[in-house]
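In full-length UniProt numbering, the protein residues as written are 1 to 123.
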């Protein structure tokens with residue numbers, strides 16, 4: 001038996017010698033093309049809309065998840081969590097305004113002002 005894999009590897013990725021022939025295999029994240037020799041990138045994002053909480057981005061041999069502005073990617077690399085800008089003191093409100101966190105961003109709330117004949121009793 002001649003080992004076709006050692007003489008001149010006919011495969012684009014992994015060559016497996018068999019009796020009288022050979023088989024080509026692909027690395028994870030790639031799939032074998034119809035010619036049985038070449039491997040092409042597999043678009044993991046197209047398999048399921050549930051891979052990522054927000055956006056799935058295909059990359060060669062893999063994929064990754066991204067979160068919209070105002071969110072952090074969690075340790076599971078799939079889920080996003082709102083950034084509380086008010087808690088992190090990452091806001092641009094004036095000293096008179098109050099920071100109010102909302103999903104993906106924050107709002108600066110002006111102090112409540114009572115017009116005559118009303119009076120403010122507490123905050």
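Backbone N, C-alpha and C fix where the C-beta goes; we use that ideal spot for every residue, glycine too.
Keep in mind the model is a prediction, meaning the values are calculated, not measured.
Cα-Cα separation, residue i to residue j
| i | j | result |
| --- | --- | --- |
| residue 60 | residue 93 | 43 Å |
| residue 78 | residue 52 | 5 Å |
| residue 105 | residue 95 | 19 Å |
| residue 118 | residue 69 | 41 Å |
| residue 113 | residue 87 | 25 Å |
| residue 48 | residue 84 | 30 Å |
| residue 58 | residue 9 | 28 Å |
| residue 31 | residue 107 | 48 Å |
| residue 42 | residue 67 | 22 Å |
| residue 54 | residue 65 | 7 Å |
Residue span of the alpha helix (DSSP H) that contains residue i, given as start and end
| i | result |
| --- | --- |
| residue 4 | 4 to 7 |
Whole-Å CB distance - residue i paired with residue j, under 8 Å assumed
| i | j | result |
| --- | --- | --- |
| residue 16 | residue 25 | 6 Å |
| residue 39 | residue 12 | 5 Å |
| residue 82 | residue 97 | The Cβ separation is near 20 Å, so there is no contact. |
| residue 136 | residue 90 | For residue 136 there is no data in the structure shown, the boundaries of the chain being 1 and 123. |
Endpoints, the beta strand (DSSP E) within which residue i is located
| i | result |
| --- | --- |
| residue 51 | Looking at the DSSP string, residue 51 is not in any beta strand (DSSP E), and its letter there is neither H nor E. |
| residue 22 | 21 to 25 |
| residue 102 | 98 to 102 |
| residue 74 | Neither: residue 74 is in no beta strand (DSSP E) and is coded neither H nor E. |
| residue 120 | Premise fails: residue 120 is in no beta strand (DSSP E) and is neither H nor E. |
| residue 39 | 39 to 41 |
Residue i - partner residues in DSSP beta bridges
| i | result |
| --- | --- |
| residue 115 | DSSP lists no partner for residue 115. |
| residue 66 | 55 |
| residue 13 | The partner list for residue 13 (beta bridge, DSSP) is empty, contrary to what the question assumes. |
| residue 109 | 98 |
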